[in-house]
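**Q** If you're matching positions, the sequence shown starts at 1 in this note's numbering and goes up one per residue.
I have a structure here, written as structure tokens, and I will follow up with some questions on it.
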Amino acid sequence: MKLLATDLDGTVVRRDGTMSDRTVEALHAARDAGVHVVLVTGRPLRWLGPVRDRLGDLGSVIAYNGAVLFDDSRGLVVEAAEIGADAMREARDRILFAAPDALFAAETLEGIVAEPGFIPNRYRAGFVDVGARVSESGLDFDEAVAQRTVKLLAKRPSGKASEFAAVVGRAVDDVVTLTHSAFDVALLEMSAPGVDKAARLRDFAASLGVAREDVWAFGDMPNDIPMLAWAGTGVAVGPDYQIVADAADRVVGPVHEDSVAIEIERVLKRL
Numbered sequence: 001m002k003l004l005a006t007d008l009d010g011t012v013v014r015r016d017g018t019m020s021d022r023t024v025e026a027l028h029a030a031r032d033a034g035v036h037v038v039l040v041t042g043r044p045l046r047w048l049g050p051v052r053d054r055l056g057d058l059g060s061v062i063a064y065n066g067a068v069l070f071d072d073s074r075g076l077v078v079e080a081a082e083i084g085a086d087a088m089r090e091a092r093d094r095i096l097f098a099a100p101d102a103l104f105a106a107e108t109l110e111g112i113v114a115e116p117g118f119i120p121n122r123y124r125a126g127f128v129d130v131g132a133r134v135s136e137s138g139l140d141f142d143e144a145v146a147q148r149t150v151k152l153l154a155k156r157p158s159g160k161a162s163e164f165a166a167v168v169g170r171a172v173d174d175v176v177t178l179t180h181s182a183f184d185v186a187l188l189e190m191s192a193p194g195v196d197k198a199a200r201l202r203d204f205a206a207s208l209g210v211a212r213e214d215v216w217a218f219g220d221m222p223n224d225i226p227m228l229a230w231a232g233t234g235v236a237v238g239p240d241y242q243i244v245a246d247a248a249d250r251v252v253g254p255v256h257e258d259s260v261a262i263e264i265e266r267v268l269k270r271l
């Protein structure tokens, strides 16, 4: 293990938004042993605060499902793969044809712009999304592009994300990369074509001179599948989806059992 890439929510961050002391200590131990550690998350940058409070300087972070490489030490967006207005309009129109009750939001580097009804008062991590702005007249995609949109979101008022994806996935796969990671809401996440966690992690590993076989990746949801499949060792953490387990080399217990920490400790003993 020369590069350790880990998802956050459901992998090292528990569903109540907390991270165990053992997990924090294991990630620090990996860095102390000379292992590069990179967080690879679907979260926007504005949601990194609670993780930073636990881990300290996060170093390099891959956020928005691979759309952004962020240098936490400098507070700098190093790379960003943006979605064009035409692609967003086309994806929206196709999704609405299949799911007329869908609502939309654009994740930009300046915050999130959403249609009325899209954003609840509080998120599962237990903090208010202070970067949110509701557009009463609907999304202005030209405005969203000007704010550098890196992820388009679509949500239905009921159902599961996997069911929503099954309804619309093939309809949009030529204009965006579609995935999902929410466990309690029918929420789909879309990036520019070719953008996912694996693509950004591959480039990041190459920038460090780390070979694929020396990369370990940890994740639990469908948005982690490309990363788990690409890494030399992919570890599925208590996955709720069989397709996630199938993409991995190893399957371990859920996050509340400190499974990632246990794996890190086991590997570090061999280094």
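C-beta atoms are modelled at their ideal positions from N, C-alpha and C, and glycine is treated no differently.
Remember, it's a predicted structure, so these values are computed and weren't measured experimentally.
Look at the alpha carbon of D174 and the alpha carbon of I95, and state the distance between them as a whole number of angstroms.
**A** Position 174 of the sequence shown, counted from the first residue, corresponds to residue 174. Position 95 of the sequence shown, counted from the first residue, corresponds to residue 95. Going from the Cα of D174 to the Cα of I95 covers about 13 Å.
**Q** Below 8 Å, can you find three or more Cβ-Cβ pairs linking the segment 213–228 to the segment 70–90?
**A** No: the two stretches stay apart, fewer than three of their Cβ pairs being nearer than 8 Å.
**Q** Where does the unbroken beta strand (DSSP E) through F204 begin, and where does it stop?
**A** Walking along the sequence shown from the start, residue 204 turns up at place 204. From DSSP, F204 is part of no beta strand (DSSP E) but of the alpha helix (DSSP H) over K197 to L208.
**Q** Just curious, the beta strand (DSSP E) that L187 is in, first and last residue?
**A** Here residue 187 corresponds to residue number 187 of the sequence shown, with the count starting at 1. L187 -> beta strand (DSSP E) spans A186 to S191.
**Q** Inspect the beta-carbon positions of V235 and V252 and report whether they are closer than 9 Å.
**A** For the purposes of this step, residue 235 is identified with residue 235 of the sequence shown, where counting begins at 1. For the purposes of this step, residue 252 is identified with residue 252 of the sequence shown, where counting begins at 1. Their beta carbons are under 9 Å apart, which means V235 touches V252 by this criterion.
**Q** Excluding five sequence neighbours on each side, which residues of the same chain lie with their C-beta closer than 7 Å to the C-beta of P157?
**A** In the sequence shown, residue 157 corresponds to position 157, counting from 1. Taken in chain order, the residues that qualify are D101.
**Q** With C-beta atoms as the reference, is K155 less than 9 Å away from I83?
**A** Residue 155 sits at position 155 when you count from the first residue of the sequence shown. Residue 83 sits at position 83 when you count from the first residue of the sequence shown. The answer is no: Cβ separation not under 9 Å.
**Q** Looking at C-beta atoms only, is the number of pairs between the segment 182–200 and the segment 46–57 that lie closer than 8 Å three or more?
**A** No: the two stretches stay apart, fewer than three of their Cβ pairs being nearer than 8 Å.
**Q** I95 by DSSP, collapsed to three states: which one?
**A** Counted from its first residue, the sequence shown places residue 95 at position 95. Three-state result, I95: helix.
**Q** What is the residue span of the beta strand (DSSP E) that I83 lies within?
**A** The residue you call residue 83 lines up with position 83 of the sequence shown. No beta strand (DSSP E) contains I83, which DSSP labels as neither H nor E.
**Q** With H, G and I counted as helix, E and B as strand and the rest as coil, what does DSSP make of R122?
**A** Indexing the sequence shown from 1 puts residue 122 at position 122. With a pLDDT of 43 at R122, under the threshold of 50, the predicted position of this residue should be treated as unreliable, though the coordinate-derived value follows. Reduced to three states, the DSSP call for R122 is coil.
**Q** For V128, which three-state DSSP category applies?
**A** The residue you call residue 128 lines up with position 128 of the sequence shown. The predicted model places V128 with a pLDDT of 43, which falls under 50 and marks its position as unreliable; any figure quoted below should be read in that light. Residue state, collapsed to three classes: coil.
**Q** G238 to G117, Cα distance in whole Å?
**A** Within the sequence shown, the letter at position 238 stands for residue 238. Within the sequence shown, the letter at position 117 stands for residue 117. Distance between the alpha carbons of G238 and G117: 32 Å.
**Q** Residues in its own chain within less than 6 Å of T179 by CB, not counting five upstream and five downstream?
**A** In the sequence shown, the residue the question calls residue 179 occupies position 179. Same-chain partners within the cutoff: E189, P222 and N223.
**Q** What did DSSP end up calling E110 once you bin it into helix, strand or coil?
**A** Counting from 1 along the sequence shown, the entry for residue 110 is found at position 110. Reduced to three states, the DSSP call for E110 is coil.
**Q** As a quick exercise: from V185, I225 and D184, pick the residue whose alpha carbon is nearest that of A199.
**A** As a working note, residue 199 is residue 199 in the sequence shown. Ranking V185, I225 and D184 by Cα distance to A199 puts I225 first.
**Q** Does the beta-carbon of E79 have 16 or more other beta-carbons within 10 angstroms, so that it is buried, or is it exposed?
**A** By one-based count along the sequence shown, residue 79 stands at place 79. So E79 ends up on the exposed side.
**Q** Pick out whichever of K2, A67 and T6 has its Cα sitting closest to the Cα of V176.
**A** Here residue 176 is taken as the residue at index 176 of the sequence shown, counted from 1. Nearest option by C-alpha distance: A67.
**Q** Under the three-state reduction of DSSP, which class applies to A26: helix, strand or coil?
**A** Position 26 of the sequence shown, counted from the first residue, corresponds to residue 26. Correct three-state label for A26: helix.
**Q** Going by C-alpha to C-alpha distance, which of P44, S162, M19 and D21 sits closest to V185?
**A** Taking the sequence shown and counting its residues from 1, the one referred to as residue 185 is at position 185. Taking only the C-alpha atoms, the option nearest V185 is S162.
**Q** Can you grab the Cα-Cα spacing for the pair R14 / R22, in whole Å?
**A** Along the sequence shown, one-based indexing puts residue 14 at 14. Along the sequence shown, one-based indexing puts residue 22 at 22. Between R14 and R22, the C-alpha separation is close to 13 Å.
**Q** So, is D57 buried or exposed, given that buried needs 16 or more other C-beta atoms within 10 angstroms?
**A** Residue mapping note: residue 57 aligns to position 57 of the sequence shown, counting from 1. D57 comes out exposed.
**Q** Which residue or residues does DSSP assign as beta-bridge partners of S60?
**A** Indexing the sequence shown from 1 puts residue 60 at position 60. S60 pairs with D71.
**Q** Bridge partners for A217 per DSSP, in chain order?
**A** For the purposes of this step, residue 217 is taken as residue 217 along the sequence shown, with counting starting at 1. DSSP output for A217 lists A5 and G234 as bridge partner(s).
**Q** Leaving out five residues on either side along the sequence, give the residues of the same chain with a beta carbon under 6 Å from the beta carbon of A229.
**A** On the sequence shown, position 229 is the one that residue 229 refers to. Around A229: A247.
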